[in-house]
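Chain order of the listed sequences is Y and W. Residues in the first sequence are numbered from 1 upward in steps of one, following UniProt numbering. Residues in the second sequence are numbered from 1 upward in steps of one, following UniProt numbering.
Number of protein chains: 2
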Amino acid sequence: MAPTTETLTAERILEATEEVLRRHGPAKATVVDVARALGVSHGSVYRHFRTKAALREAVTKRWLDRTSEALFAIVGRDRAPETLLREWLCALFDAKRRKAGDDPELFATFSVLTGENSRVVDQHIEELTAQLTEILRDGITRGAFVVTDPEVAARAVFHATGRFHDPTYAGSWKRPEAQAEFDAVLDLLLRGLRAADRPQH
Amino acid sequence: MAPTTETLTAERILEATEEVLRRHGPAKATVVDVARALGVSHGSVYRHFRTKAALREAVTKRWLDRTSEALFAIVGRDRAPETLLREWLCALFDAKRRKAGDDPELFATFSVLTGENSRVVDQHIEELTAQLTEILRDGITRGAFVVTDPEVAARAVFHATGRFHDPTYAGSWKRPEAQAEFDAVLDLLLRGLRAADRPQH
Chain Y
1 MAPTTETLTA ERILEATEEV LRRHGPAKAT VVDVARALGV SHGSVYRHFR TKAALREAVT
61 KRWLDRTSEA LFAIVGRDRA PETLLREWLC ALFDAKRRKA GDDPELFATF SVLTGENSRV
121 VDQHIEELTA QLTEILRDGI TRGAFVVTDP EVAARAVFHA TGRFHDPTYA GSWKRPEAQA
181 EFDAVLDLLL RGLRAADRPQ H
Chain W
1 MAPTTETLTA ERILEATEEV LRRHGPAKAT VVDVARALGV SHGSVYRHFR TKAALREAVT
61 KRWLDRTSEA LFAIVGRDRA PETLLREWLC ALFDAKRRKA GDDPELFATF SVLTGENSRV
121 VDQHIEELTA QLTEILRDGI TRGAFVVTDP EVAARAVFHA TGRFHDPTYA GSWKRPEAQA
181 EFDAVLDLLL RGLRAADRPQ H
């Protein structure tokens with residue numbers, strides 16, 4: 001990339017870092033590599049990211065944030081609670097499936113990076129379950145869901161659908177039956193949230 | 001092991017194979033290693049298992065069968081359907097957790113072997129979901145569950161609880177919150193199976 005007079009923002013550095021990762025895989029994306037790609041001095045990158053680890057953590061966060069921001073937009077939609085929950089979980093599966101399918105090499109690269117940055121991944125999962133909690137809470141208020149503890153239930157929904165968003169399973173998302181399997185889990189969970197408590201048999 | 005005059009059965013060979021795996025990890029357990037451990041000629045092992053691949057597949061099947069046989073005993077218990085389903089899923093989680101916790105090295109060894117023998121793993125999953133289907137079918141007959149297609153629902157229950165039996169997650173089973181997370185998923189699923197269908201909101 002040719003030297004440029006544009007202001008060097010953290011966002012521009014991270015954009016270039018993702019491009020370096022896309023081209024060269026997870027081993028690359030050091031401060032030196034990124035500075036070279038941007039045609040700037042190492043020092044000007046170091047001003048934003050003090051270490052290679054900080055740079056790699058930030059680019060991982062940016063990658064995950066793209067998903068959580070897209071999902072956050074859904075939380076605000078004017079929908080019946082059950083439709084909203086369905087749309088949110090479908091969007092989560094679609095977003096992960098698209099990331100894995102459209103650019104498998106970059107997805108594999110970010111799987112290495114998420115493995116290195118468990119703190120960022122934990123935060124990402126916290127954000128997603130907070131969004132789910134919000135949807136459940138709204139559904140309880142509107143009388144659509146019967147849930148004792150929306151936070152516990154949100155985590156349960158997140159765990160129960162893990163097969164359809166945990167990158168570990170990315171290889172199975174292309175299978176023709178994946179969508180039907182996802183729908184079956186979703187239907188069962190929605191029935192569980194909707195159901196009035198009945199005494200055990 | 002000293003030479004022996006006991007009849008050399010397939011079961012004795014597989015027992016010895018598991019012992020070799022326990023001691024030396026997944027790289028070992030060739031026909032030659034196992035024959036040596038048994039103090040018999042290679043030929044007498046080959047009579048039961050023609051190739052190293054066949055031996056490794058059989059020992060993997062034996063390892064997985066121990067779980068499915070223990071679970072099969074539960075299917076026949078005289079219990080209310082919901083209790084039965086709960087006991088079965090708890091037993092599955094317990095069995096996997098015990099295998100992973102009691103002998104982590106052997107568990108890691110068998111994780112390598114299951115990775116090599118996906119056909120055996122698929123059969124194992126088919127057996128487990130067949131048992132689950134049986135429990136759901138019985139529950140439908142006895143009016144405890146409302147399920148349109150017990151096979152589809154069984155698979156959904158299996159997928160939704162994957163976090164608590166898929167070896168990929170073994171590392172998370174020791175976390176103190178694992179049991180509560182499992183219980184939350186189980187409660188939600190049972191409510192979903194129990195629930196009468198209500199129109200969508």
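C-beta atoms are modelled at their ideal positions from N, C-alpha and C, and glycine is treated no differently. Fair warning: this is a prediction, and the values are worked out from it, not measured in the lab.
Residues in its own chain within less than 7 Å of residue i by CB, not counting five upstream and five downstream?
i	result
R155/W	T129
E15/W	none
T17/Y	A29, V34, L55, V59
F72/Y	Q131
F164/W	F93, F182
R142/W	P81
V157/Y	L132, L189
P104/W	none
A178/Y	S172
Sorted by chain position, which residues of the same chain lie with C-beta nearer than 8 Å to residue i's C-beta, five sequence neighbours on each side aside?
i	result
A35/W	S41, H42, S44, V45
G162/W	Y169
R79/W	E87
F49/Y	A10, I13, V31, L55, A58
V147/W	L136, G139, I140, A153, L193
A91/W	A70, L71, I74
R77/W	L84, E87
V20/Y	K28, A29, D33, V34, A37
I125/Y	F158
P199/Y	Residue confidence is low: P199/Y scores 39 on pLDDT, short of 50, so the model does not pin down where it sits. No coordinate-derived value is stated.
T7/Y	none
Take the Cβ of residue i as the centre, count every other Cβ of all protein chains shown within 10 Å, and call the residue buried at 16 or more, exposed below.
i	result
K61/W	buried
V185/W	buried
E116/Y	exposed
P150/Y	buried
H24/W	exposed
G139/W	buried
A27/Y	exposed
T133/Y	buried
A53/W	exposed
A70/W	exposed
Excluding the 5 residues flanking residue i on each side, which residues of the same chain have their C-beta closer than 6 Å to its C-beta?
i	result
T9/W	none
P167/Y	S111
E127/Y	S68
R175/W	none
R97/Y	W173
Q123/Y	none
Just to confirm, is the Cβ distance from residue i to residue j under 7 Å?
i	j	result
W173/W	F110/W	no
E87/Y	L190/Y	no
T67/W	A95/W	yes
E57/W	V120/W	yes
E181/W	H159/Y	yes
L193/W	F145/W	yes
L85/Y	I135/Y	yes
residue 202/Y	R22/Y	Nothing can be reported for residue 202/Y, as the shown portion of chain Y is limited to 1 through 201.
Under 6 Å from any heavy atom of the ligand PLP, does the C-beta of residue i make it?
i	result
R47/Y	In terms of ligand content, the structure shown is empty, and the ligand PLP therefore cannot be addressed.
Contained alpha helix (DSSP H) runs [length at least 4] in the stretch 79-123 of chain Y, N- to C-terminal order: With a minimum length of 4 residues, the continuous alpha helix (DSSP H) runs that stay inside the stretch 79-123 of chain Y are 81-102, 104-116.
Segments assigned alpha helix (DSSP H), at least 4 residues, entirely inside the stretch 127-185 of chain W: Correct list: 150-160.
Runs of alpha helix (DSSP H) wholly within the stretch 27-75 of chain Y (minimum 4 residues, chain order): Taking only runs of at least 4 residues, the alpha helix (DSSP H) segments lying wholly in the stretch 27-75 of chain Y are 31-38, 42-46, 52-75.
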